[in-house]
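**Student:** Got a structure here, written out as structure tokens. Questions coming.
There are 2 protein chains.
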Amino acid sequence: MSVKTADVIVIGGSAAGVTAAITVRRHYPGKSVLLVRKEKQVMIPCGIPYICGTVGSPDKNLIPDAVLEKEQVELLVSEVTAIDRERKRLITASGEVAYDRLIVATGSHPVIPPIPGAAMDGVFTILKDVDYLRRMQECLKTAIDVVVVGGGFIGIEFADEIRKTGGKTITIVEIAPHCLSLSYDEEFCVEAEQVLQANGIRILTATKVAGFTGNDRVTGVKLSSGGTIKADAVILGTGSKANAELGKAAGLRIGATGAINVDRTMRTSDKHIFACGDCAEKISFFGGGPSTLKLASIATLEARIAGANLFGITRENPGTVGVWSTALGDFALGTAGLTETMAKALGYDAVSAAVEGPNRHPAGMPGGAKTKVKLVFESNSGVLLGGQVRGNGVAGEIINAVSACVQRRMTAEDIAMFQMGTHPALTASPIAYPLVNAAELAIKEIRKRARP
Amino acid sequence: MSVKTADVIVIGGSAAGVTAAITVRRHYPGKSVLLVRKEKQVMIPCGIPYICGTVGSPDKNLIPDAVLEKEQVELLVSEVTAIDRERKRLITASGEVAYDRLIVATGSHPVIPPIPGAAMDGVFTILKDVDYLRRMQECLKTAIDVVVVGGGFIGIEFADEIRKTGGKTITIVEIAPHCLSLSYDEEFCVEAEQVLQANGIRILTATKVAGFTGNDRVTGVKLSSGGTIKADAVILGTGSKANAELGKAAGLRIGATGAINVDRTMRTSDKHIFACGDCAEKISFFGGGPSTLKLASIATLEARIAGANLFGITRENPGTVGVWSTALGDFALGTAGLTETMAKALGYDAVSAAVEGPNRHPAGMPGGAKTKVKLVFESNSGVLLGGQVRGNGVAGEIINAVSACVQRRMTAEDIAMFQMGTHPALTASPIAYPLVNAAELAIKEIRKRARP
Chain A
9 MSVKTADVIV
19 IGGSAAGVTA
29 AITVRRHYPG
39 KSVLLVRKEK
49 QVMIPCGIPY
59 ICGTVGSPDK
69 NLIPDAVLEK
79 EQVELLVSEV
89 TAIDRERKRL
99 ITASGEVAYD
109 RLIVATGSHP
119 VIPPIPGAAM
129 DGVFTILKDV
139 DYLRRMQECL
149 KTAIDVVVVG
159 GGFIGIEFAD
169 EIRKTGGKTI
179 TIVEIAPHCL
189 SLSYDEEFCV
199 EAEQVLQANG
209 IRILTATKVA
219 GFTGNDRVTG
229 VKLSSGGTIK
239 ADAVILGTGS
249 KANAELGKAA
259 GLRIGATGAI
269 NVDRTMRTSD
279 KHIFACGDCA
289 EKISFFGGGP
299 STLKLASIAT
309 LEARIAGANL
319 FGITRENPGT
329 VGVWSTALGD
339 FALGTAGLTE
349 TMAKALGYDA
359 VSAAVEGPNR
369 HPAGMPGGAK
379 TKVKLVFESN
389 SGVLLGGQVR
399 GNGVAGEIIN
409 AVSACVQRRM
419 TAEDIAMFQM
429 GTHPALTASP
439 IAYPLVNAAE
449 LAIKEIRKRA
459 RP
Chain B
9 MSVKTADVIV
19 IGGSAAGVTA
29 AITVRRHYPG
39 KSVLLVRKEK
49 QVMIPCGIPY
59 ICGTVGSPDK
69 NLIPDAVLEK
79 EQVELLVSEV
89 TAIDRERKRL
99 ITASGEVAYD
109 RLIVATGSHP
119 VIPPIPGAAM
129 DGVFTILKDV
139 DYLRRMQECL
149 KTAIDVVVVG
159 GGFIGIEFAD
169 EIRKTGGKTI
179 TIVEIAPHCL
189 SLSYDEEFCV
199 EAEQVLQANG
209 IRILTATKVA
219 GFTGNDRVTG
229 VKLSSGGTIK
239 ADAVILGTGS
249 KANAELGKAA
259 GLRIGATGAI
269 NVDRTMRTSD
279 KHIFACGDCA
289 EKISFFGGGP
299 STLKLASIAT
309 LEARIAGANL
319 FGITRENPGT
329 VGVWSTALGD
339 FALGTAGLTE
349 TMAKALGYDA
359 VSAAVEGPNR
369 HPAGMPGGAK
379 TKVKLVFESN
389 SGVLLGGQVR
399 GNGVAGEIIN
409 AVSACVQRRM
419 TAEDIAMFQM
429 GTHPALTASP
439 IAYPLVNAAE
449 LAIKEIRKRA
459 RP
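These protein sequences, in sequence, are chains A and B. Here my numbering is used: the first residue of the first sequence is 9, the next is one more, and so on. Here my numbering is used: the first residue of the second sequence is 9, the next is one more, and so on.
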């Protein structure tokens, strides 16, 4: 009996899976690649909040299969029920398939907090499933009182997008003292909260959800502070957990965070099986401890490592820097590496400096916005630990320049010597370029500390 | 007789001078700093083209003196007529001033090409002088036929800004086969030309100006190709030359390019005198040969080196990378380091790769534009030599991420492992992030070459 065979099989069709497949084709053009996924259509994960408002529908937020066709990656839509490592075969709903190398990119699923009533109708998680999200969108169309549980970036983006549909009362309930506090220092969190509030969104911080009221259908959210707020739709933006079950069932080693354990080459405990993306365990760029960050950009980095290493190791994972941005209309925030709060919590002797100014010169040039850049350095070595940017749309690429500096462990001195391009219509003035000026201010502060 | 004295004197009040003065105050807070300049008001140099259209007037394009006041830099508006190095004094129109350390930041002046008639009324250079530019603007108000000589970035920006005032026939005359060809590979130059042409600007490339017609006032431009085009205003955007006279007269060593010679610490041949900006000689980041690039961003880098080194060397100039961008409305171009053409001309075995895609994901997110990124690598080491970006306004910061990679001599492998932040409303998808994908394509190409 002939069995379907591919040199390389990738399980999973989201950011990690697609990138892994493309990377294999680029690095090993002679190898055949089969991508197996269970979803007929795959959502762009980061675009999900935008289906509610700006994009308008899940169908307009799909990863196109054309990228696979272009790179000659074969596609099989079928659920993998088991990995037979002994025989190097996958057991799928549509039969067995044999591999030489396997990449597991099975992603993650939303964490449903153990809140009484969370299973009621009208309470939604952020499931990356087209049909589920269509149902969510249907419910949101008629909902008047919407509660978003969790003020992380997914939560605030959902809240602001739902707001755009109009006529609703929207409340974010966040357990921490501020929204976004896992990724931004307090001053940036406060600014984001002010934008949300100015948009008419109510924010309850330092507040736990004690339960949901209603019979079959949610009608309200009980708060730990006492009292209940009305709700005919609830979105749970409360984090996600690795889909490690398939790997675990196959006997792959599972790490401390519950994800599939991998080494720096992205290889699992089976030398023919690699894992990448949300299902794979991550270590931090800073000190190498475990990281629970899950971002599509991390997933694609890991996929480029896994895909390149399949038949000979050429890449090692330096660890997760953690670079991402978020936007509320024209207000954008970016973060790379450690915040000052995180750096201090990890034991670094951190020094920070922030500058703020127009991102045009002269300031009257159109399209500009005041831009704030904060850089955090280790005070003894002067090495950059992280940066945060607040501005308009350009913040998303400024943070990538910061990220390059973090990745190469540039010091405040290196950044003070940064050769940046500037232009009246596009950037801050060369006299006031924020990265450079923040570095100079940090140097001044570091010297002050060094003098007794 | 008491003579005015400062620990540090800076001559020049533009990008280099202001930045040098601020840098001294930051690095040596105990030292007094006096900035001497001859202009009552200082133009933002890169903003000059925009006074014609977007900004509207030279008075709205000034470097504010507040930055000097804030850093406690004293200001003296007076022309320096000589440097008495023996007595460490400046001779100025308003008396002598004594220095301990001197920074010369006297800038540059426009090159007037030896074209018959260039001194006629109606022919303007790009003099950084408020009154002169006001006269130019007055002339442009009534001019109908405007000719811009030189299709570099200053030339094309002027042409497009004058176009915005309406009702004119505008022609760019460029000696090279393409506009912008000193800084961009041909495919990018062609795109910029198409934008200008779509805006109604006529471009004559591979064309020399043979002379200007008219009596006292210009009436036409004679072309080397034969024929004369009508002109009642001409702008010469034909490069600039270092203001080295003051330094030369004081006996400072002058370099091969006619600028004031400096070492990598920005020190001149007099150990108490430093120079920076357009008046100082530059060397290239690539091979260390002479560079004639003059940009405000280079000037400020050199100023940060000079200012920090005055009383003890802490910084060395790695050489000029050459990073800058230009914009024609929503169309923006950025360049960092070497183009493919330049790299090959310098003898590098260059490999390039370009990718193009939307800078949003899904592509339907608003505010997006197709963005093209081209990276140029040295094929043996894989080291990044340069990059070019074409897109909308975000291109100005993407090129700064590229610049960071060039400065740290990152390889194609390093960039393939770049940890970028992505967001639907702000950037390309993590699967298609252009820097990373261009690096992956270059790696593929480099490997192909390595295999015989």
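Glycine is no exception: its CB is placed at the ideal position from the N, C-alpha and C atoms.
1) So, with DSSP's three-state summary, where would you put B:Met144?
2) Return the chain-ordered list of same chain residues with a C-beta closer than 7 Å to the C-beta of B:Leu303, the five sequence neighbours on each side being excluded.
3) If I measure Cβ to Cβ from B:Ala307 and keep anything under 7 Å in the same chain, skipping five residues before and after, which residues do I get?
4) Identify the continuous alpha helix (DSSP H) that holds B:Gly25 and give its terminal residues.
5) Whether or not the segment 381 to 400 of chain B and the segment 343 to 354 of chain B are in contact is what I'm after, with contact meaning three or more pairs of Cβ atoms, one per stretch, closer than 8 Å; do they touch?
6) So, helix, strand or coil for A:Tyr107, using DSSP?
7) Against chain A, does B:Arg457 count as a neighbour if the rule is that its beta carbon must be under 8 Å from one of theirs?
8) For a contact meaning CB atoms closer than 8 Å, what does B:Gly401 contact in chain A?
9) State the Cα-Cα distance for the pair A:Gly21 and B:Lys378, rounded to the nearest angstrom.
10) Taking only three categories from DSSP, how would you classify A:Glu211?
11) For A:Leu42, which beta-bridge partners are listed by DSSP?
12) Among the residues of its own chain, which have a CB less than 8 Å from the CB of A:Thr173, if the five just before and after it don't count?
13) So A:Tyr58 contacts chain B; which residues on that side make the cut at Cβ distance below 9 Å?
14) Counting only C-beta atoms, is A:Glu310 closer than 8 Å to chain B at any point?
15) Which of the three DSSP states is assigned to B:Ala358 in this structure?
16) Looking at C-alpha atoms only, which residue of A:Val410, A:Gly296 and A:Val156 is the closest neighbour of A:Ile243?
17) Less than 8 Å separating the beta-carbons of A:Val75 and A:Ala14?
18) Sort B:Val359, B:Gly159, B:Phe132 and B:Val112 by Cα distance to B:Glu4 and report the nearest one.
19) Taking beta-carbon pairs under 7 Å, can you tell me which members of the segment 36 to 54 of chain B lie near chain A?
20) Who are A:Ile268's beta bridge partners in DSSP?
21) Considering only DSSP beta bridges, list what B:Met274 is partnered with.
22) Compare the C-beta of A:Lys65 with all C-beta atoms of chain B and state if any pair is closer than 8 Å.
23) Got a sec: is the Cβ-Cβ distance from A:Ile406 to anything in chain B below 8 Å?
24) If we ignore side chains and look at the alpha-carbon of each, how far apart do B:Ala412 and A:Gln427 end up?
25) Which stretch, first to last residue, makes up the beta strand (DSSP E) that contains A:Ala433?
26) Specify the secondary structure class of A:Lys238 as computed by DSSP and reduced to three states.
27) Only counting runs of 3 or more residues, tell me where the beta strand (DSSP E) segments fall wholly within the segment 321 to 370 of chain A, in order along the chain.
28) Compare the C-alpha of A:Thr89 against each of A:Leu98, A:Val81 and A:Glu82 and name the closest.
29) Flag this pair as yes or no: are the beta carbons of A:Pro57 and A:Phe196 separated by less than 8 Å?
30) Please list, in chain order, the chain A residues whose beta carbon lies closer than 9 Å to that of B:Ser189.
31) What do you reckon, are the CB atoms on B:Ile17 and B:Val44 nearer than 8 Å?
32) Kindly indicate which residue of A:Asn69, A:Met51, A:Gly103 and A:Arg34 has the alpha-carbon position closest to the one of A:Val81.
33) Run through the DSSP bridge pairs and tell me what B:Lys249 is partnered with.
34) Would B:Leu309 pass as a contact of B:Tyr36 if the rule is Cβ separation under 8 Å?
35) May I ask you to verify whether the segment 441 to 453 of chain A touches the segment 419 to 426 of chain A, counting CB pairs closer than 8 Å and requiring at least 3?
36) Run through DSSP, which three-state label would B:Lys149 get?
**Tutor:** According to the data block:
1) helix
2) Trp332
3) Ala23, Ala24, Cys284, Gly285 and Asp286
4) Ala23 to His35
5) yes
6) strand
7) no
8) Gly375, Gly401, Val402, Ala433 and Leu434
9) 25 Å
10) In the sequence as presented, Glu is not what sits at residue 211 of chain A; that position holds Ile. If DSSP states are grouped into helix, strand and coil, A:Ile211 belongs with the strands.
11) A:Ile17 and A:Glu82
12) Cys60, Gly61, Leu148 and Lys149
13) Pro370, Met373, Pro432 and Ala433
14) no
15) strand
16) A:Val156
17) no
18) Absent from the structure is residue 4 of chain B, since the part of chain B shown begins at 9 and ends at 460.
19) Ile52 and Cys54
20) A:Ile262 and A:Ala288
21) BP columns for B:Met274 are empty, so no partner.
22) The sequence as given places Ser at residue 65 of chain A; Lys does not occur at that position. Not closer than 8 Å to any Cβ of chain B, the Cβ of A:Ser65 fails to qualify, so no.
23) yes
24) 8 Å
25) Counting along the chain, A:Ala433 falls outside any beta strand (DSSP E), and DSSP gives it neither H nor E.
26) strand
27) 331 to 336, 339 to 345 and 358 to 366
28) A:Leu98
29) no
30) What B:Ser189 touches in chain A: nothing, since even the nearest Cβ is about 18 Å away.
31) yes
32) A:Arg34
33) B:His117
34) no
35) yes
36) helix
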